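Q: One structure coming up, written as C-alpha cells, with questions to follow.
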Amino acid sequence: MTPGEREQHVISLIDRLCLTRTLKRDEWITVIRERTPGAAEHLFELARNVRHLHYGHDIYIRGLIEFTNYCKNDCYYCGIRKSNANAQRYRLSKEDILACCHLGYGLGFRTFVLQGGEDGYFTDDRLCEIVSEIRHQFPDCAITLSVGERPRESYRRLYEAGADRYLLRHETYDAEHYGRLHPPQLSAARRKHCLWVLKELGYQVGTGFMVGSPYQTPENLADDMLFLRKLNPQMVGIGPFVPHHDTPFADAPGGTVELTVYMLGLIRLLLPRVLLPATTALGTIAADGREQGILAGANVIMPNLSPPGVREKYLLYDNKLCTGAEAAESLDRLKAQMEKIGYRIAVSRGDSLNI
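Structure representation (C-alpha cells):
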C-alpha cells in the first residue's frame, strides 16, 4: 500500500466507526498505529459534528476539589504515591470542602468533584457525612466522587448519601501492562470489577486511561477502546501521561497532545453521547491543549476549586496546571478562551446523555 492508500484506509475505518460505533481489534490497531495528520483532521470534523448533534456548543464545567493527597497505594507513575517522602501531605476538613462548594456555586458550578488519594482517614462515615451535607446545602448540584477502589458496601452507602457520579479510571485494560504500572497488590481485574459494581448501584460512571504511559502499545489502546464499548460509561477521562520527578518513571517520555486528542476524537465517535473532558494534563503539556481537546470532540472542563494553598501539593505529575485559567477564580478567562473557538460555558449539572 502507498502512504496515500494507507491514509484512505484509515479514513474509511473512521467513517465506519462513525456509522456503526464499532471496530474489530485489528481495525482499532490500524486506526491508531497508521494515523496521519489528514486522517486526524477528518476524524476531528466528524467528532465535532457528532458532539454538536448531542450537546450543541455547550461546555460543562466541574468544580474540582482535591481534598486529600494521602494515599495507601504506590502506583509507579503517581506523585502522591505512598512511598514519596517528599510529598507535602494535607487533608481538607468538611468545613473546608463546603467552603469550596459555596465559592463554586457562586461562580456558576453545578457539579462538584471530590477527588483524593485512597486515604484511610476518610472512612465511610466521614465521607457520607460530607456528601450528605453537600447534598443538603446544594440540592440542585451533582456530586461526583473520585476516591479509588472501595468495597461494594462503601459505594452503596455513598450513593445513598447523595453521590450521583463516580470517576474511576481503569488506566489500562491489559493486565500485563497494568502490572508494569502498579505494585502487585493492585490488579486490573479488581479495578474493572469496581466499575461494574458502580454501574450496578446506579452511579453515572466515568472511567478512562493514560495516553502514552510507559510500555503502552497500539494494541493496549485498542483493548481500551473495546473495553469502553463494553462498559458503555457515562464519562470517559483520558489524558497524556506526564512524568513526576519522584517516581520510578521520572525519566520516561511523556504522552503527546497529538495522540491524546486523536483518541478523544475516536472516543466521541465510539460513544457519541458520552461526557468527555479536555483534561488538566492536556492543558499542562500544551498552552492550547484543552482547546485542542474541545475541537476534537470533548465537552467538559474541570477547573480547580481547591484552596490555593493546597493546589500545588496535589501533584500527580510535574508542572501540573493549577493557576490561571485552571483556577476557578479565573472562570472569565476560561469563558473567553472557549468563546474564541466557538463554544460557551454552560451553568448546569450537565448530566450525561449516555444512559
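For the sequence shown, the working numbering assigns the number 5 to the initial residue and increments by one for each residue that follows. Virtual Cβ for every residue (Gly too), placed ideally from N, Cα, C. These numbers come from a predicted model, not from an experiment.
Got a sec? Which residues, its chain only, sit under 6 Å from F245 by beta carbon, not counting five neighbours each side?
A: For the purposes of this step, residue 245 is taken as residue 241 along the sequence shown, with counting starting at 1. So the qualifying residues of the chain are M214, G216, S217, G258 and G259.
Q: Are the beta-carbon atoms belonging to R55 and G301 less than 7 Å from one another?
A: Position 51 of the sequence shown holds residue 55. Position 297 of the sequence shown holds residue 301. Contact: yes.
Q: Closest by CA to I101, which one among G243, V278, F142 and Y64?
A: Numbered from its first residue, the sequence shown carries residue 101 at position 97. Closest option to I101, Cα to Cα, is F142.
Q: Leaving out five residues before and five after L335 in sequence, what residues of the same chain have Cβ atoms less than 8 Å from its Cβ?
A: As a working mapping, residue 335 is identified with position 331 in the sequence shown. Hits under 8 Å: I65, L111, G112, P307 and I349.
Q: Examine the Cβ distances between the stretch 146 to 166 and the stretch 41 to 56 and report whether three or more of them are shorter than 8 Å.
A: As far as the Cβ criterion goes, the stretch 146 to 166 does not touch the stretch 41 to 56, which means the pair count is below three.
Q: Identify, in the order they occur along the chain, each residue of the same chain with its Cβ nearer than 8 Å to the Cβ of C361, setting aside the five sequence neighbours on each side.
A: Nothing can be reported for residue 361, as the shown portion of the chain is limited to 5 through 359.
Q: Can you tell which of F126, E164, R337 and G60 has the C-alpha that lies nearest to the C-alpha of Y74?
A: In the sequence shown, the residue the question calls residue 74 occupies position 70. Of the listed residues, the one whose Cα sits closest to Y74 is F126.
Q: Given a cut-off of 7 Å on the beta-carbon distance, is the pair W309 and L68 in contact?
A: For this step, residue 309 is matched to residue 305 along the sequence shown. For this step, residue 68 is matched to residue 64 along the sequence shown. Here the sequence assigns Leu to residue 309, which means Trp is not the residue at that position. Between L309 and L68, the gap from beta carbon to beta carbon is short of 7 Å.
Q: Going by C-alpha distance, which of C145, A91, E223 and A146 is nearest D178?
A: In the sequence shown, the residue the question calls residue 178 occupies position 174. Nearest in C-alpha terms to D178, of all of C145, A91, E223 and A146, is E223.
Q: On the three-state DSSP scale, how would you describe T211?
A: Numbered from its first residue, the sequence shown carries residue 211 at position 207. It is a strand residue.
Q: Which residues in the same chain as H61 place their Cβ atom closer than 7 Å to its Cβ, once the five residues preceding and following it in sequence are excluded?
A: By one-based count along the sequence shown, residue 61 stands at place 57. These residues qualify, in order along the chain: G346, Y347 and R348.
Q: Given a cut-off of 7 Å on the beta-carbon distance, is the pair R294 and A282 in contact?
A: Translated into the one-based positions of the sequence shown, residue 294 becomes position 290. Translated into the one-based positions of the sequence shown, residue 282 becomes position 278. Cβ atoms of R294 and A282: closer than 7 Å.
Q: Are the beta-carbon atoms of N77 and D250 separated by less than 7 Å?
A: The residue you call residue 77 lines up with position 73 of the sequence shown. The residue you call residue 250 lines up with position 246 of the sequence shown. No, the Cβ-Cβ distance between N77 and D250 is not below 7 Å.
Q: Who are the Cβ neighbours of L286 in its own chain at under 8 Å, not counting the five residues just before and after it?
A: As a first step, residue 286 must be located in the sequence shown, where it is residue number 282. Only G243, P244, V261, T264, V265, G293, R294, Q296 and G297 meet the Cβ criterion.
Q: DSSP has R169 in a bridge; who is on the other side?
A: Residue mapping note: residue 169 aligns to position 165 of the sequence shown, counting from 1. Per DSSP, T148 and Q208.
Q: How should W200 be labelled, buried or exposed, when 16 other C-beta atoms within 10 angstroms of its C-beta is the threshold for buried?
A: Residue 200 sits at position 196 when you count from the first residue of the sequence shown. With fewer than 16 other Cβ atoms within 10 Å, it is exposed.
Q: By Cβ distance, which residues of its chain are closer than 8 Å to L279, with the 5 residues on each side in sequence left out?
A: Counting from one through the sequence shown, the residue named residue 279 turns up at place 275. Closer than 8 Å at Cβ, skipping near neighbours: Y64, G210, Q238, M239, V240, N303, V304, G354, S356 and N358.
Q: I'd like the span of the beta strand (DSSP E) that includes Q119, first residue to last.
A: Translated into the one-based positions of the sequence shown, residue 119 becomes position 115. Q119 -> beta strand (DSSP E) spans T115 to G120.
Q: Restricting to runs no shorter than 3 residues, where is the beta strand (DSSP E) found entirely within the stretch 55 to 133?
A: 62 to 65, 67 to 72 and 115 to 120
Q: Identify the continuous beta strand (DSSP E) that holds R348 and give its terminal residues.
A: Working through the sequence shown from its first residue, we reach residue 348 at position 344. Element bounds for R348: R348 to A350.
Q: What are the start and end residues of each continuous alpha helix (DSSP H) run of 4 or more residues lying completely inside the stretch 173 to 237, in chain order?
A: 179 to 185, 192 to 205 and 222 to 235
Q: Whose C-alpha, out of C145, R161 and G120, is nearest the C-alpha of L171?
A: To locate residue 171, count along the sequence shown from 1; it is residue 167. Cα-wise, what sits closest to L171 is G120.
Q: Count the other CB atoms within 10 Å of the CB of A193; is the residue buried (16 or more) or exposed (fewer)?
A: Along the sequence shown, read from residue 1 onward, the residue named residue 193 stands at position 189. Exposed is the call here.
Q: Just the Cα atoms here: how many angstroms apart are P312 and A103?
A: Taking the first residue of the sequence shown as 1, we reach residue 312 at position 308. Taking the first residue of the sequence shown as 1, we reach residue 103 at position 99. Roughly 13 Å separates the two Cα atoms.
Q: Of the choices G183, L131, L275 and T221, whose alpha-carbon is the least far from that of L235?
A: Residue mapping note: residue 235 aligns to position 231 of the sequence shown, counting from 1. The shortest C-alpha separation from L235 is found at L275.
Q: Check for me: the alpha helix (DSSP H) holding P7 runs from which residue to which?
A: Working through the sequence shown from its first residue, we reach residue 7 at position 3. For P7, the uninterrupted alpha helix (DSSP H) run begins and ends at P7 to T24, by DSSP.
Q: Going by other Cβ atoms of all chains shown within 10 Å of its Cβ, with 16 needed for buried, is H174 buried or exposed?
A: Reading the sequence shown from its first residue, position 170 is the one you call residue 174. Looking at its Cβ environment, which holds 16 or more other Cβ atoms inside 10 Å, H174 is buried.
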